[in-house]
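Following: one structure in structure tokens, then a few remarks.
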Amino acid sequence: MQDLPSDRDALQALLDFHVEAGVDLALDETPHNRFAEPKAERAPAAAQPQPSPSKPSPSPSAPSPRALPKAAAAAPEEVASMAREQARHAQSLEELEAILAGFDGCALKFSAKNLAFADGNPEGRVMLVGEAPGADEDRIGKPFMGRSGQLLDRMLATIGLDRSQVYVANIVPWRPPGNRTPTPQEIAICKPFIARQIELASPEIVLCLGGPAAQNLLGVKDGILRTRGRWFTYKTEDGREIRALPTLHPAYLLRQPLQKRLGWRDFQALRRALDGRE
């Protein structure tokens, strides 16, 4: 195997690469090149000596994976209908969070560590909605807690805002394994909850962070580079209309730093709208 880079920045970049790729768990304290191991060490289990049937060797106890409840195994359309029914009953954000915490219809709940429901001020004028939690968000139980969240905080600060003045959430509140993209079925199941969350928070402006948030909340088909910076109308189920602005996701800006200028323009447009100038 190649030696790890000695430069601190290069090592940090390597770690960031593995995290972005979904590698967030170490199986050994030191790396191993499994392909270079002798064949004898990699012999299949069938070739290993088997214990005598009359004297079975005790196997170490291991925690069994959590079995999915019937709700998570039902048809996606049925589960989405169940989600809509439960979300409608929530009369406050606290009640919605409790309902979502007890909802067993999304299989992501059983691979995630925590529910990342929201962060910030639910009475803020702006609600920011992303796609799904990452490893840091899953560990802490709040959205946008990792490097993306740090960049988001800096972007908010440039227009005089912080998390005490905005409300932050995701379409999917549980982390997909390995930071993979949520499936359309998982989004459809979780969508009634974020829709009700927006209704209950009732912000003046919804800022859609990234293409998935814009496409699923606003129904747009174009990619985020075509829709960012344009004003749309988000319509709630109870008939209200909320101004919505798609912009680039902070995680994308970390991968494409040159595009930060576009994010800067979008946040300036948000500031003008809050000031009544746009």
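Using my numbering, read the sequence shown as starting at -9 and increasing by one per residue. Glycine is no exception: its CB is placed at the ideal position from the N, C-alpha and C atoms. Please read these numbers as outputs of a predicted model, since none were measured by experiment.
The straight-line gap separating the alpha-carbon atoms of residue 195 and residue 158 is approximately 12 Å. Residue 156 places its beta carbon 8 Å or farther from that of residue 119. A Cβ-Cβ separation of about 6 Å places residue 198 in contact with residue 234 under the 8 Å criterion. For residue 120, the enclosing beta strand (DSSP E) has its first and last residue at 116 to 120. The three-state secondary structure of residue 233, taken from DSSP, is strand. As the crow flies, the alpha-carbon of residue 240 is around 10 Å from that of residue 246. Nearest in C-alpha terms to residue 200, of all of 134, 184, 266, 213, is 213. The region 94 to 107 makes contact with the region 122 to 139; the number of CB pairs closer than 8 Å reaches 3 or more. Taking a contact to require three or more Cβ pairs closer than 8 Å, the region 65 to 74 and the region 173 to 193 qualify as touching.
Remark: fewer than three beta-carbon pairs, one from each stretch, lie closer than 8 Å, so the region 135 to 149 and the region 223 to 232 are not flagged as touching.
Residue 265 sits away from residue 219, with the two beta carbons spaced by 8 Å or more. Under the three-state reduction of DSSP output, residue 160 falls in the strand class.
Between residue 83 and the set 221, 111, 97, 99, the nearest pair of CA atoms involves 111. In the DSSP annotation of this structure, the continuous segment of the beta strand (DSSP E) that includes residue 197 starts and ends at 195 to 199. Judged by beta-carbon spacing, residue 236 lies within the 8 Å limit of residue 217, meaning their Cβ atoms are closer than that value. In the structure shown, the three-state DSSP call for residue 256 is helix. In the DSSP assignment, residue 225 falls within the unbroken beta strand (DSSP E) covering 222 to 225. Going by C-alpha positions, residue 186 is about 35 Å away from residue 248.
Distance check between residue 145 and each of 262, 267, 254 places 254 closest, using alpha-carbon atoms only.
Excluding residues up to 5 positions away in sequence, nothing lies with its Cβ nearer than 6 Å to the Cβ of residue 79 in the same chain. For residue 128, the enclosing alpha helix (DSSP H) begins and ends at 125 to 130. Counted as a single uninterrupted DSSP element, the alpha helix (DSSP H) harbouring residue 143 occupies residues 137 to 148. Going by DSSP, residue 183 is part of the alpha helix (DSSP H) stretching over 174 to 191. A Cβ-Cβ contact shorter than 8 Å links residue 129 with residue 103. For residue 178, same chain residues with a beta-carbon under 7 Å away, outside a window of 5 residues either side, are 66, 70 in chain order. When 81, 184, 223, 143 are compared, the shortest CA-CA separation from residue 162 is found for 184.
For residue 77, same chain residues with a beta-carbon under 6 Å away, outside a window of 5 residues either side, are 182, 183, 186 in chain order.
Check the Cα spacing between residue 168 and each of 193, 204, 101, 232: the tightest is with 101.
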